[in-house]
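Input: a single structure, listed below in C-alpha cells.
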Amino acid sequence: MPGVIFPRAINCRRSRQVLPYVMFMVMRCMTAAARDESKLSRLFVQYKVKEGIVKSAKGLLKHTYLVPSGPYFQLFDWDTYFMGVALSEDGAQPEALEGSVEDFLEMVGQNANDTGYVPREIAPDGFWALPEMCKPFLAQAAYRASRTAGSADWLKPWTKQLAQTLEFWENTRQSADGFFRWYNGVESGVYNNPAVVDRPAEVTEGVDLQCYLYREYRAMGLLAGKVGDAQKSKEYDRKADDLGARVRDGMWSETEGMFLNIYARTGKPIRIKTWTNFMPLWAGIATSSQAKRMIEEHLLNPKEFWAPHGIRTLSPDELLYDPIQGYWRGPVWVVSSYLMTHGLMNNGYREQARKLAEETEELLFRTAGPSPAATS
Numbered sequence: 036m037p038g039v040i041f042p043r044a045i046n047c048r049r050s051r052q053v054l055p056y057v058m059f060m061v062m063r064c065m066t067a068a069a070r071d072e073s074k075l076s077r078l079f080v081q082y083k084v085k086e087g088i089v090k091s092a093k094g095l096l097k098h099t100y101l102v103p104s105g106p107y108f109q110l111f112d113w114d115t116y117f118m119g120v121a122l123s124e125d126g127a128q129p130e131a132l133e134g135s136v137e138d139f140l141e142m143v144g145q146n147a148n149d150t151g152y153v154p155r156e157i158a159p160d161g162f163w164a165l166p167e168m169c170k171p172f173l174a175q176a177a178y179r180a181s182r183t184a185g186s187a188d189w190l191k192p193w194t195k196q197l198a199q200t201l202e203f204w205e206n207t208r209q210s211a212d213g214f215f216r217w218y219n220g221v222e223s224g225v226y227n228n229p230a231v232v233d234r235p236a237e238v239t240e241g242v243d244l245q246c247y248l249y250r251e252y253r254a255m256g257l258l259a260g261k262v263g264d265a266q267k268s269k270e271y272d273r274k275a276d277d278l279g280a281r282v283r284d285g286m287w288s289e290t291e292g293m294f295l296n297i298y299a300r301t302g303k304p305i306r307i308k309t310w311t312n313f314m315p316l317w318a319g320i321a322t323s324s325q326a327k328r329m330i331e332e333h334l335l336n337p338k339e340f341w342a343p344h345g346i347r348t349l350s351p352d353e354l355l356y357d358p359i360q361g362y363w364r365g366p367v368w369v370v371s372s373y374l375m376t377h378g379l380m381n382n383g384y385r386e387q388a389r390k391l392a393e394e395t396e397e398l399l400f401r402t403a404g405p406s407p408a409a410t411s
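Okay, so the sequence shown: first residue is 36 according to my numbering, each after it adds one.
Structure below.
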C-alpha cells in the first residue's frame, strides 16, 4: 500500500497552526458527549491557540486580524477563513475575522489597473503584488463573521469593495466558456499541483476555483439578504446556480468518474487525479450519482486517495506522486482532509467522515512534537 508521510519531528509551534482545523473537523463528527471528552479541547487551551493566531493592528493591517499560527505575522487568504471558522465554533467572538476581512478590503482600489484586486498575503510592511489574487473566500469569511455576531451591520461600509472582488474574477479571469482561471499554482494555494503548474499563466480552469466562487456567490446572496437587498440576493443566487450547473455539466468526466480541471486554450480536460478534483463534494455542487462515483471509486479507495491517516493530495498511480518530498503531490495535509471530511458528511458518508477526522486527530498527536513545557 502506498505510504503516507510521517515527519519524525515537527516543532510544536508549527503543529499549533493545524489545531483549529483538526479540532473543528473532529468536533463536527462527534456527539455532544464525545466533544466534551475530546483531548483536542484541552490541547487547544494548552497551546494557547487563540492567543497565538489573533494579532493586533499594525502597519498596513489596520484591524485586528488572524494568522495561520503564532510565528506568522502575515494575513493570508484561505487560512483566515478556516481559522475564523474554527474559532467561531469554539465560541470566540468574531472581531478578528471581521478585522481580517476589513484588512483585505482596505486594499480594494489601491491598484488602478485592476479594480477589485486584493493581494493574497498582507504583512504590516508590505504585500504580494499583482498578478496573484486573494483566493475567493472573503464573502464566506464575512458571512461566517456576521453569523457569529448575529448581524451584518459591520459589513455595510464594505459591501461595494466586497462585490468588486468578485467583479475582478468576472472581468479578468473568466473564459469564454464561463469558467474561471487560476493565474498559477501559487495563487491557488496548492503550489505545485500538477493539474495547474508546468503550464503558462492563466490557462487552468480549476475545479477548486469554481467551487470557491460558487460558495462566494452563495455567501454574497446570504449577506445581501441580511442587509435587506432582496434583488442583489437573487442575482448572486442566480450566478451560483449557473456556475454550479456549468461545473456539473462541463467539468465532469464520465470516463474518470470525477471532475477535472480544463486547459482553457483547448477546452480539453487535464486528466490528473488530484485532491482538488473532489471540491464539488464540499461545495455542494456534485449530484448524488457524481458524488457516489467520486467517493466510492476514488476518495475511499486505498490505492488512490484514502491513506492510513488522511487524504492523499495526489493519487499514487500518477507519475508525479511523491509522498516524501512532494508537498502537494501525495503527502497528507490537514486542510485537504478537513475539506473532504465535510465532503463526505455532505453526501451521507458520516461514518467515513468521522473515521477520517479521528485519524487526522491521531496523526496530529503523533507528529506534534514536545509539549510547550518541554520547549520552554
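We put the beta carbon where it would ideally sit given N, CA and C, even for glycine.
Could you tell me the boundaries of the alpha helix (DSSP H) in which residue i lies?
{"i": "residue 176", "result": "173 to 184"}
{"i": "residue 198", "result": "194 to 207"}
{"i": "residue 156", "result": "First-last for residue 156: 156 to 158, but that is the beta strand (DSSP E), not the alpha helix (DSSP H)."}
{"i": "residue 221", "result": "220 to 223"}
{"i": "residue 388", "result": "385 to 402"}
{"i": "residue 381", "result": "369 to 381"}
{"i": "residue 286", "result": "Neither: residue 286 is in no alpha helix (DSSP H) and is coded neither H nor E."}
{"i": "residue 144", "result": "Taken as a continuous stretch (DSSP letters only), residue 144 belongs to no alpha helix (DSSP H), as it is neither H nor E."}
{"i": "residue 329", "result": "Here residue 329 belongs to no alpha helix (DSSP H), and DSSP marks it neither H nor E."}
{"i": "residue 314", "result": "314 to 318"}
{"i": "residue 354", "result": "Element bounds for residue 354: n/a, residue is neither H nor E."}
{"i": "residue 86", "result": "84 to 88"}
Report the option in the options whose CA atom is closest to the CA atom of residue i.
{"i": "residue 169", "options": "193, 115, 189 and 186", "result": "115"}
{"i": "residue 95", "options": "161, 123 and 121", "result": "161"}
{"i": "residue 110", "options": "122, 127 and 134", "result": "134"}
{"i": "residue 128", "options": "198, 185, 102 and 237", "result": "185"}
{"i": "residue 445", "options": "259, 201, 263 and 223", "result": "With the chain represented from 36 up to 411, any question about residue 445 goes unanswered, as that position is not in the structure."}
{"i": "residue 285", "options": "106, 305 and 103", "result": "305"}
{"i": "residue 140", "options": "105, 191, 118 and 123", "result": "191"}
{"i": "residue 353", "options": "342, 365 and 359", "result": "365"}
{"i": "residue 340", "options": "367, 318 and 359", "result": "367"}
{"i": "residue 176", "options": "209, 136, 204 and 398", "result": "136"}
{"i": "residue 195", "options": "158, 142 and 208", "result": "142"}
{"i": "residue 318", "options": "121, 359, 252 and 262", "result": "252"}
{"i": "residue 89", "options": "108, 209 and 80", "result": "108"}
{"i": "residue 303", "options": "224, 212 and 205", "result": "212"}
{"i": "residue 372", "options": "360, 359 and 389", "result": "389"}
{"i": "residue 397", "options": "268, 369 and 380", "result": "369"}
{"i": "residue 374", "options": "102, 82 and 316", "result": "316"}
{"i": "residue 301", "options": "205, 210, 268 and 344", "result": "210"}
{"i": "residue 324", "options": "287, 337, 355 and 357", "result": "287"}
{"i": "residue 275", "options": "263, 343, 150 and 205", "result": "205"}
{"i": "residue 322", "options": "292, 342 and 337", "result": "292"}
{"i": "residue 394", "options": "345, 265, 222 and 264", "result": "345"}
Per DSSP, which one or two residues make a beta bridge with residue i?
{"i": "residue 298", "result": "239 and 303"}
{"i": "residue 345", "result": "342"}
{"i": "residue 261", "result": "DSSP output for residue 261 lists no bridge partner at all."}
{"i": "residue 96", "result": "93"}
{"i": "residue 161", "result": "158"}
{"i": "residue 217", "result": "239"}
{"i": "residue 108", "result": "In the DSSP output, where bridge partners are listed per residue, residue 108 has none listed."}
{"i": "residue 278", "result": "Paired residues: none, contrary to the question."}
{"i": "residue 255", "result": "Looking at the DSSP assignment, residue 255 forms no beta bridge with any residue, so it has no partner."}
{"i": "residue 293", "result": "288"}
{"i": "residue 309", "result": "349"}
{"i": "residue 101", "result": "89"}
{"i": "residue 168", "result": "154"}
State the CB to CB distance for the pair residue i and residue j, rounded to an integer number of angstroms; the pair is presumed to be in contact (CB under 8 angstroms).
{"i": "residue 392", "j": "residue 402", "result": "The Cβ separation is near 16 angstroms, so there is no contact."}
{"i": "residue 155", "j": "residue 125", "result": "About 26 angstroms separates the two Cβ atoms, so there is no contact after all."}
{"i": "residue 313", "j": "residue 334", "result": "6 angstroms"}
{"i": "residue 307", "j": "residue 283", "result": "With a Cβ gap of about 20 angstroms, residue 307 and residue 283 do not count as contacting."}
{"i": "residue 203", "j": "residue 152", "result": "6 angstroms"}
{"i": "residue 132", "j": "residue 180", "result": "4 angstroms"}
Taking contact to mean 3 or more Cβ pairs, one atom from each stretch, closer than 8 angstroms, check whether the region 270 to 284 and the region 334 to 349 are in contact.
no
Given 8 angstroms as the limit, is there contact between the region 90 to 110 and the region 228 to 237, that is, 3 or more CB pairs closer than that?
no
Should the region 211 to 226 be regarded as contacting the region 235 to 250, the criterion being three or more beta carbon pairs within less than 8 angstroms?
yes
Taking 8 angstroms as the cut-off, does the region 257 to 269 touch the region 293 to 303 (at least 3 CB pairs, one atom from each stretch)?
no
At least 3 beta-carbon pairs within less than 8 angstroms: the region 380 to 399 vs the region 328 to 344:
yes
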